[in-house]
Structures are given as C-alpha cells and as structure tokens.
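The listed protein sequences correspond, in order, to chains A and B.
Just so we're aligned, residue 6 is where the first sequence starts under this note's numbering, counting upward by one.
Just so we're aligned, residue 6 is where the second sequence starts under this note's numbering, counting upward by one.
Ideal Cβ positions, reconstructed from N, Cα and C, are used throughout, including at glycine.
Notes for the one structure printed next.
Number of protein chains: 2
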Amino acid sequence: MDIYISGVGMTKFGRSKDSLEKMMAEAASSALKEAQLERVDAIYLGVMNVEEFVGDSNFATLLADTLGLTGIPSTRVETASSTGAGAFETAFYAVASGHMKHVLVLAGEKMTHLPTAKTTRILSEVIDRSERRYGATMPALAAMIAQKYAREFNLSPLKLEDILAQAAIKNHSNGTFNPYAQFRKTITKEDYLKSQMVSYPLRLYDCAPITDGASAIILTSEPTPIKVSGIGHATDTAAVRHRTSFTSFNSTKEAAQKAYTMAQLNPSDIQFAEVHDAFTLFEIIGTEDLGFFPPGEGWRALEEGITHLRGRLPINPSGGLKARGHPVGASGLAQLVEIVYQLKGEAGKKRQLERAEIGLAQSIGGLGNNNLVTILERSDRKRIVKEGWSPDYHPEIRVSKKSSTPPPSEGVGILETFTTLYATPEGFRSPLTLGFVKTEAGEMVMACNPDYRSPKELKMGKKVYLKTREGLYVFEKFTLWSRLKHWSKGSPKSS
Amino acid sequence: MDIYISGVGMTKFGRSKDSLEKMMAEAASSALKEAQLERVDAIYLGVMNVEEFVGDSNFATLLADTLGLTGIPSTRVETASSTGAGAFETAFYAVASGHMKHVLVLAGEKMTHLPTAKTTRILSEVIDRSERRYGATMPALAAMIAQKYAREFNLSPLKLEDILAQAAIKNHSNGTFNPYAQFRKTITKEDYLKSQMVSYPLRLYDCAPITDGASAIILTSEPTPIKVSGIGHATDTAAVRHRTSFTSFNSTKEAAQKAYTMAQLNPSDIQFAEVHDAFTLFEIIGTEDLGFFPPGEGWRALEEGITHLRGRLPINPSGGLKARGHPVGASGLAQLVEIVYQLKGEAGKKRQLERAEIGLAQSIGGLGNNNLVTILERSDRKRIVKEGWSPDYHPEIRVSKKSSTPPPSEGVGILETFTTLYATPEGFRSPLTLGFVKTEAGEMVMACNPDYRSPKELKMGKKVYLKTREGLYVFEKFTLWSRLKHWSKGSPKSS
C-alpha cells in the first residue's frame, strides 16, 4: 500500500516564548489546514525528553486536548534525537496497516529556557551510561570521531578545520534563505575560527544550536502529490567504543539499505538530501554512509561544491540542523517538511532546488545508534523499475562484537582517538581530556585524563599507559616511568 | 490481516535489585524462547518515564544492545500508565502493515529505588498542569472520583468503604495464586481498615503499589494458538475537571467501542478481563465502562461474586495492578501476558479459569485520559459472525466541552466532590483538602483549602464560597459571613 503526505507545518525554529504544546499546535494547525482535515484517526507525537526539559509526562494526551482533538488516540514515540523521524515511521506503519486513513505526526522540543549546563546534561543522557560517567558529552564523542576521521583519511588538523568550516559556512548560507531557520546570517571562515572551542577539534560553529520548535506532517492512504517511497531504521551499540568503525555509522547504512530497497531506488537516484548535521562532520560522514560518495570522499564533494545549494547533489538546502536549529525531538520531522517544500516547489525562489522530484532525509538518534532514513518522492515522477531490480548500494557493515572478558585494570594501550572537552557537563571540571584506548587484548575502553590542559600534548596512534582510578580508566603518556612500572608488573612476582 | 502472539515473558513484579534493562532483557528472553526466535524485525519498547525514574534516555537503543539485537530498529512508545498497552498497539499496526513479521513488544519500569515523595511527584506529572499545581496527585483525583461515584449511586460512606475493601480483598486473594505477583498474601477487611488513609476515602489498600518489573510479548503475522481480535485506543481531556462525567471514563468507552467493533464481539462474549485497578474503584468503573454491567452496578457484581476468580466473569485473575504490582510502563502489557497464560491454560491449577477462550484487557493512561482496550482470543475458538453484524455496545459518551470564558475570580459555587489528601507530593503541606467546584456560570474549577483538617467538615452538593489566593482557587463554607461578602459584592457599588 502506498502512503502519501497531505499536509505539513512548522513553527519558526529558535528561541520561543510559547509553551511546547502551543508551538506543536501551531505546526499541527498548518498541516491540518493544508490537508483540509478537522480530525485525524490518530496522533503520533515525537518529543525526546519532555519529562526533563518541560517537567511534564502524558504529553500525547495534552496535545490531543490542546488541538481540540480529545478522544483521538494519541501516542508518544521516542528514538532519541531522531524522534521526529521515528514518529513519522511509526505513523507510516499505522497507515500502512489499513486501520487508519489520516494520521497526524507531530514533533517538537522546548530547550532554550534551561541553563546550558543543564541542557547539556539532559542531552548527555542519550549516551551510554559507562561513557557518560567519564563526562562524555555529545560534542566530545563527535570530536573523537572527527579526530579519527582526519587520521584515517590523512587530513591534517588545518585541513580538517577548513572542511568543517566549509560545512558550517554552507549550511549557514542555506539557512539565510529559510524563513523557519533559527540562524539567518552567513558566516565567514574568520567567524568560524573565532568561535569558541567546545571539544577539540569541534567549535561552537560545528555544533547544532539549542532550539525551540515544532513540525507536523499528515500521512494518508489517499493519493496526493507527495509519496513516501521508502523508510529504514536501524540501531547500533549503546557505547561508541563498541563500534567497529568510528568514521561511519552502521545504523545509517542499515537504515539506508532498507529505505533504498523499499523504494527500489539507488543512491544515484536521490536528487537532494537533508542529512543530520548535529555536528558538521556528521553531514560529511552521512553523505558517505548514504552511498552518495565513497568513504573518506564526502569532504571533497563539499569542497568541490557538489553538495552546495546549486551543486549537483544539494545537502541540507534548509540550512540543516546547524542553521535551521535543532529542537531534538522535532528535527527528524522538520527534515521531511523541508523535503516536501522542495518537492512541491514551495521553498521560495532563493532556496528552491531545480531538480526536486526525489529527496532523502537521514536522522541520527543518540550518538549514531538509532538512525532513520526516509525517502520522499513526487507522485507524478516517472519511474520504471526493471523487473528483478536489486540495489547497487552495498555498504560495508562491520557488526560490532563486544568482548566477553573485561579489560585489564592496568596496562599498555594505543590511543585510538581523543578530545579535550571544554564545555563539560554539570559536575565535571573543564577542560577534560577523554580518549578511546585499545588495550593489548584488543578491547576498546574509554579513558580520561583531567591533567592534560591542551590537545597538543597528545597524539593518536601512540602508546599510552592505562590505569584505573576510582573505577575510571585514566591514561597517561607511555614514558620511561610508566614503562618501568609496566615492566615491573609484567615480571614474575617474587614469592 | 490477522495478528498473533507467539511468545510471552514476565519478571516477578516487586522490589528488584536488577537494573531496568536487565529486568526487561529477562522478560524478552522468555518471550523470544517461547517464540523460538533469535531475532525479530523490530522492537517496540514501553517505558513511561525512564528519564526521571532511572536518569537515562535513548532507552530503546540500550535495550536492543542489552538483548544482543543491535541493528534491529527499536522505538520507545509512551502513553502514560497505559504505556505497555500502547506499545502493544503500536507493534500490532507495524505487523499489520505487512512490513514486519515478528516484533518484540517490551515494557517495564523501575520505581522502588526512589523515595516515595519523589515517586509521587514523578507520577503526578501525568496530571494536567493546572490541577497539579494545587498539589493534586493520582490518588487525590481518584478519591474525588470515588466520592462522586458514591454520591451519584447513593452509596453511604460505610457502603463505599465496604465495596472498595471487597475489591482489594478479591485482588489480593487472586494474587496469592500468581507467582509473578508483588503481593502474595490475602488481606482481611480488618487489614484494609487498618491501612493508612492516602486520600480520603482511599486507603493504602485502595492504591496499586510502587513496583519494579517488566513484561514482553512477541507479535507475529504467522498463525499461532493466540490471536489479537481487537484493539481500541482513545484519549480524554488532560484536566479531570473538564470531563462531563466523573463516574466513568469516555476514553475507556471509546476504546472499547473500537476494540469490540474490530473484533466483532460484544461485552457478553468476553469470558474474563484484566481491568486497570490502579485504584480499587477504577476496577468497578472499568467493568461498567466496558459494558459488562450497567453504570452504578459494577459494585453489585463484585459483591455477588460475579467478578471473583470462580465467578461468572472473573476480573483481574492475576491479582490486578493491586496485587501483581504496578510498574507503570509494564502493567498494560502484563495484563495481556496474563490473558495469554489463561488462554493457553498455563495459569496454574489455582489461578486457571475454566472458561478461557476470550479475554479482554483495559489499561488506563494518566487519570483516565489515554486508555486502551485489547481483546485476545484462542485461534481455535469457534466463531460465527453473522453477516451485517453490529455491536450491541452503545455506551453514553458525553464529550467534554471546555468553556471559552474564564471562570470568575470570586463567587458562589457548588462543591461537586472533594478529598482530603494526606500523602501530599514534595512541597505541599499535609493534609490538603482539594475539591471540584461548579461556579454559578456552570464552569468547573479545582479549588483547595489547606485549613480543613478532616473530610468530615465538608459535604458534596453544598454551596461553597470561592475566592482566589496566589492564583489558586480556595473554597470555604458558604457561611453567614461569606453570604454577606457575596451580597456586598453583588450589590451596586457606591460611587
């Protein structure tokens, strides 16, 4: 059964004085109006952490009431920062079941009213507990991934900096044309370089902002000009250190594979995409994971202007999470709203893409462990799917395998990647250096060192000495002294 | 498309030292084992407020990882205290879409590790904000409903007390036969009367306990001995005072209507039911709302033994939320697990019902505003549905209409119902008297009076004087003094 979109709506993203339910009602009203509906068969409501951001639960009920739709079934859906896409997927299956005809998907978050340290702490709760206790935040983990990416693909620190700046500059530029965007100003490389270091090498301009906002979509089984062609959803390990790759996300690849297969499309069929750029590098990794560019080549496409608004494959015409803003529950759905605007030619002269018959959205939940890929298409797009069609997208998915033996409490290891985190969460001293260390047994552990004040003191790929302090791994440089200590431990004990 | 159940699992409910994910994994393992599955196509995870109870978000991902099912799509679903049933419904539609074959529904909550006042505060967040700020808790609102029920159906305080005690005694008795139940001891009327008053007239033994626990069900499109016959889901106003009836729940009635219609069954076809007895009276109201007994007659059925374990229509053979325990996210699914045990004849000699071919579960989300009704049936049950079948269940649903004009800040009103709350939430003085007052304009408002120390000082249906203090309505008896004040306000002002 084909599923269609009959209406979309959005609030302006940014800092809002309105309550969350008011913002969500505003987005819903626009969508219902466009769909010419007064009632729907069900509401699927995406909010990531309304309990801690707003202090309410039972929010699905509150929204049905606020919308004057009391009686209608209303269900809250959550998949961390991909929640908006998760709610869309859930609603898609509800309509596809044939039990419902018109369904409202509604997503939002209110975040700007809290102090930043508290918001950071709440956002960090999506991180695996064992990594969170080191003080790891989302930017810190993303920074370690950025460092690893640079090392794996031979990018110098200066080159990495330039690439990341370009991603931020591009998305800010796109955002200037988006009336719903939080930031509507261009930035220069100089602005980027002046922006505060959040977690080395990621600066403030590498991170999506804290945002209030809501978005809404009506799904229907009745044909409309916009069709849902494919949806895929996949998870990955809770802990980042259990991944087999730090430079790509299995969960994007598996989700993409499902979405392409359902849609009977290949990456080369996609004309534009909204890619989850919570951190600048994630856009680049996303374009690789989605099969648009080979691994390690996404940054070249950016550099060559391919992913620019007027390039061959525009990425984040909306401005992305970076410039449109990132109300965590809403972003996954807002991406799809942007795709609908583009497909319908309603994105406004400056933002409207020329080729806009088929678009893809990729949304990341948590640190790349609950991701969704959704493909939307104009219903009038001419398609000939050859019989026996099979996808030409075959990403390498190296499934993570957790070791069953606990790593040793002390010993030598290799510093796989690290970051120096300046914007630490509530209760942690700044700066805080964090790293992933591979032990001699091949086990990856998270480790910290609060004594390093600058990332310049460390180098990836070097031996470090690992020990435990208060139940946490601490790493230090493998010096003569630690060599001696290691040697003495390794030597047979005197009886 | 028919949807079936291929496996179920549960932890023992009660106080557990295990982490929430460990409990949920235990329940999931049993269900997967019974279904002879190692993988599923998706996980739908029901947790009500894992953010505040456990301090984690992104829990759907954590569970996929804990189960060793990394990669598989995992989505968290929440509908307040009916969350387990909400997750089941969501999974039902996913399988019914034809896109998935085997789906794991997993529900749980961990609550006992927090201080009771904090748990009470967290649970209260499901209540409408405007009522919560008066200090209203779930027991307080349920108590006001109990008072109103007694008045509407002419039950003396002693009679009400006796009925409520009987519900508690019955469910505790059933619980003694349930190895998964939190409480496995019978209670006497004396025990009931000795139990502490939580919110007049509800005692500790009227309220479901605070519980840790998890439950799991595998849904499949492949035929098995247990079929899902019908599901219904409906909401009601966030605020209780906006309801047109305080003695029945529209959301149960609308959900039941949908479930009966989908199943092509009538209330008289149901052989036994699990009914959401978070408060003893809710079981009685539930049996009326579901069409088993006429409004105001549910208590008679209890008194006559009809709803007892060996009665004509056993209600809560498991012991209900009262004795099995109430891990808020898990209960809605645990009810369905009990029905499966009964349908398969696996409930154990003492608990097993004789007639167990078709069972119903009713789950309440929030204070009766996000309810689900689910009907399960043995696949081998002989059924002849006459052509042109139509339900004989036609409950009265008086849709609430919120007034558009704000109520006056002062004036005379009628005390519709009230309670004296002893177990107040964090930050409120005990005892706290709360009431619903109908203003002269016909608007219902919540009001408090911290000066009343005993419910004996008040009577329902009497005139009260309503005023505002610090933005809250306060009511007091309509005495000579308040009459004078009211009269002077009503009289033309001297210039």
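Under the 10 Å beta carbon count, Asp70 (chain A) is surrounded by 16 or more other beta carbons and is classified as buried.
Apart from the 5 residues on each side of it in sequence, Val59 (chain A) sits with its Cβ closer than 7 Å to the Cβ of Leu25, Lys115 in its chain, given in chain order. Of the other Cβ atoms in all chains shown, fewer than 16 fall within 10 Å of the Cβ of Met6 (chain B); this residue is therefore exposed.
Contact note: Ile77 (chain A) reaches chain B through Thr240, using a C-beta cutoff of 7 Å and chain order. The beta carbon of Ala32 (chain B) is closer than 6 Å to those of Gly14, Met15, Thr16, Ala219, Ser220, Ala221 in its chain, skipping five residues each way along the sequence. Here the C-alpha atom of Ala92 (chain A) lies approximately 33 Å from the C-alpha atom of Ile290 (chain B). For Met15 (chain A), the three-state secondary structure derived from DSSP is strand. Cβ atoms of Val245 (chain A) and Leu372 (chain A) come within 8 Å of each other, at about 5 Å. Neighbours of Leu67 (chain B) across chain A, judged by C-beta separation under 7 Å: Ala243.
DSSP, read as helix, strand or coil, puts Asp211 (chain B) in helix. Each residue's CA atom was taken as its position, placing Glu415 (chain A) and Lys467 (chain A) some 17 Å apart.
Closest in C-alpha terms to Phe251 (chain B), from the list B:Phe158, B:Ser178, B:Gly337, B:Leu198, comes B:Phe158. Under the Cβ criterion of 8 Å, His104 (chain B) is counted among the residues facing chain A. Between the alpha carbons of Ile275 (chain B) and Ile380 (chain B) lies a distance of about 8 Å. Look at Met149 (chain B) here: in three-state DSSP terms it is helix. Only those residues of the region 72-102 of chain B whose C-beta falls short of 7 Å from the nearest C-beta of chain A are listed: Thr75, Gly76, Ile77, Pro78, Ser79, Thr80, Arg81, Val82, Glu83, Thr84, Ala85, Gly91, Thr95, Tyr98, Ala99, Ala101, Ser102. A Cβ-Cβ distance of about 5 Å is found for the pair Thr438 (chain A) and Thr425 (chain A), placing them in contact under the 8 Å criterion. A Cβ-Cβ distance of about 6 Å is found for the pair Cys453 (chain A) and Val479 (chain A), placing them in contact under the 8 Å criterion.
A contact is defined here as three or more CB-CB pairs under 8 Å, and the region 382-391 of chain B fails this definition with respect to the region 279-293 of chain B. Straight across, the Cα-Cα distance linking His238 (chain B) with Tyr205 (chain A) is about 49 Å. At least one beta carbon of chain A lies nearer than 8 Å to the beta carbon of Asn54 (chain B). DSSP, reduced to helix, strand and coil, places Ser35 (chain A) within a helical segment of the structure shown. Residues are counted here when their Cβ sits less than 8 Å from a Cβ of chain B; for the region 160-186 of chain A the count is zero. Distances from the alpha-carbon of Gly440 (chain B) to those of B:Ala446, B:Glu43, B:Glu431, B:Met465 put B:Met465 closest.
Looking from the CA of Asn271 (chain A), the closest CA among A:Gly316, A:Glu130, A:Lys406, A:Ile363 belongs to A:Ile363. Not a single C-beta of chain A is nearer than 8 Å to the C-beta of Glu445 (chain B). Shown here, Val131 (chain B) sits in coil according to DSSP, grouped into three states, outside any helix or strand. Inclusion of Asp217 (chain A) and Thr124 (chain A) in the CB contact set at 8 Å is not warranted, their separation being larger than that value. Gly337 (chain B): not part of any beta strand (DSSP E); member of the alpha helix (DSSP H) spanning 336-348, first to last residue. For Pro230 (chain A) and Ser384 (chain A), the gap between their C-alpha atoms comes out near 5 Å. Against chain A, the CB of Arg134 (chain B) has a partner CB under 8 Å away; the residue lies at that interface.
Two segments are said to touch when three or more pairs of C-beta atoms, one from each, lie closer than 8 Å; by this definition the region 343-353 of chain B does not touch the region 297-311 of chain B.
Annotation: Leu42 (chain B) is outside any alpha helix (DSSP H) and is labelled neither H nor E by DSSP. The secondary-structure analysis by DSSP pairs Tyr49 (chain B) across a beta bridge with B:Thr80, B:Val110. In this structure, Ser368 (chain A) places its C-beta atom within 8 Å of the C-beta atom of Ser336 (chain A). Using a 10 angstroms sphere on the CB of Asp61 (chain B), the tally of other CB atoms reaches 16 or more, which defines it as buried.
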